[in-house]
Structure formats: C-alpha cells, structure tokens
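Accompanying notes for the structure given below.
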C-alpha cells in the first residue's frame, strides 16, 4: 500500500465482493438448476403439444386417428430428454437418432432399396418412397423459461453476496 493516499472502509463489502467473485467462478449449481428447469419445461411441451413459442404442433396421423398425443406414442423421445451442464453452458436434448427430424422436420427416404416399410394405422405394412415429417419443435427457450433463468441467475448472484 502506498504511503500517501486515502483508505476507505467498505464495511465488509470488499470481502463480500471478493467472495462473490470467487463464488461466481463456481456456477455449476446454477447451471444445473437451469438445466433441470429447461428439461421440465420441455417435458411440459410434450403434454401440451406446443413449441417453445406456444404454437400447437401439427397432430400426427397416429395421434389424430387413435386419440393419442403427438410425439408420445411410446414415450421414448420424451423420456430421453436430458441436460448436460458445465460451469458456463447448459445443453438440453435427446440422443435418439430420430430426435432431430421431429425437432426440425424433413423428409425420410430409404437408405437401401426403393421403399420405406412401416406399419400403417390399420396394422398393415405400408410401402412408400418417402415420408415428410413436419417440424414439431420441443426444444428451445420460451418466454417463461427466460424469466425462470433470469430468476435463477438473480438468486445465484444474491447468494454470492451473502
């Protein structure tokens, strides 16, 4: 410290600030909380059959014919939603091979042969050259998600100063 100058008593704020900076370096708990919240809201979208903007998904033929819910035939996609968090990022998604096409939509064509084969609604085999799947976004951040993330971050920052 210099011989000449002014010293200021921060009333403990300097220690609190130092502790906050140190604590802010460990944001893993905050990111885990955000990841859990995003998984929860994503699962809610499957129940409501809506995208992150609140728009209804186009019903699948199966759901329309049998009265089920779209993207929830076996529940496998929904059950596969998880998050991975580090101290500076959160990723939410599914590792299932068909997760991407349901999120983004697209056309499915056979990899081998000329036709795709699957069971139709009546249980009979169906052969087609391609199938177009509309986008039914289930991943993303809604306005409510943003508010919850901001609240989580605010709580974290407030806790860092305690």
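Numbering (my numbering), first residue to last: 33 to 194.
The beta carbon of each residue, even a glycine, is placed where N, CA and C say it ideally should be.
- Note that the C-beta distance between residue 112 and residue 92 is not below 8 Å.
- Per DSSP, the unbroken alpha helix (DSSP H) holding residue 78 starts and ends at 60-80.
- Remark: three or more beta-carbon pairs, one from each stretch, lie closer than 8 Å, so the stretch 70-88 and the stretch 165-182 are flagged as touching.
- Boundaries of the beta strand (DSSP E) around residue 159: 157-160.
- The three-state reading of DSSP puts residue 139 in strand, counting E and B together.
- Per DSSP, reduced to three states, the secondary structure at residue 118 is strand.
- Exclusion of the five residues before and after residue 186 leaves no residue of its chain whose Cβ lies closer than 6 Å to its Cβ.
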